[in-house]
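Chemist: Numbering (the numbering used here), first residue to last: 1084 to 1214. We put the CB at the ideal spot given by N, CA and C, even for glycine. Being a predicted model, the structure only gives us computed values, none of them experimental.
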Amino acid sequence: MLYEYSLKTEKEGFTEITSRVRQALSASGVRDGLCVIYCPHTTAGITINENADPDVVRDMLLGLAKAFPDRSEFRHAEGNSAAHLKSSCVGSSVNVIVHEGRLILGTWQGIYFCEFDGPRSRKVYVKVIGQ
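#1: Mind checking HIS1182: buried by the 16 CB within 10 Å criterion, or exposed?
#2: So for CYS1197, helix, strand or coil by DSSP?
#3: Under 8 Å Cβ to Cβ from VAL1139, same chain only, skipping five residues before and after it: list those, please.
#4: Considering only the beta carbon of each residue, do TYR1086 and VAL1177 sit closer than 8 Å?
#5: For LEU1145, count neighbouring C-beta atoms within 10 Å of its own C-beta (all shown protein chains included) and say buried if the count is 16 or more, exposed if not.
#6: For GLY1146, which three-state DSSP category applies?
#7: Do GLY1213 and ASP1115 have their C-beta atoms within less than 8 Å of each other?
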């Protein structure tokens, strides 16, 4: 089953989408299988990381900004090459195991949509595949 979700994002940031993914899983009725979370945008991504301390997201954004700063040498006409680099580094999808109707995530893990070139209207797709 395929589910589509819309997001409105800020300039840059991480939006936790774990509850939306759990809704898709619940609606699918799948008990065991795989859940694919996919971002169809070239300046945004999907990641799994700690959701207990908001400073982790802040630190991740800081680290990505330092690793991929905007540079005058970039030639892409839209001026968002740093966002493309961050997106490629983070990735456009994650897979989560589904067991007994639950996402197998660690105690402190959450699923995040990562915006690097907002504000924008974005889409996220969740595909639940049963055995």
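Modeler: For this structure:
#1: exposed
#2: strand
#3: ASN1132 and GLU1133
#4: no
#5: exposed
#6: helix
#7: yes
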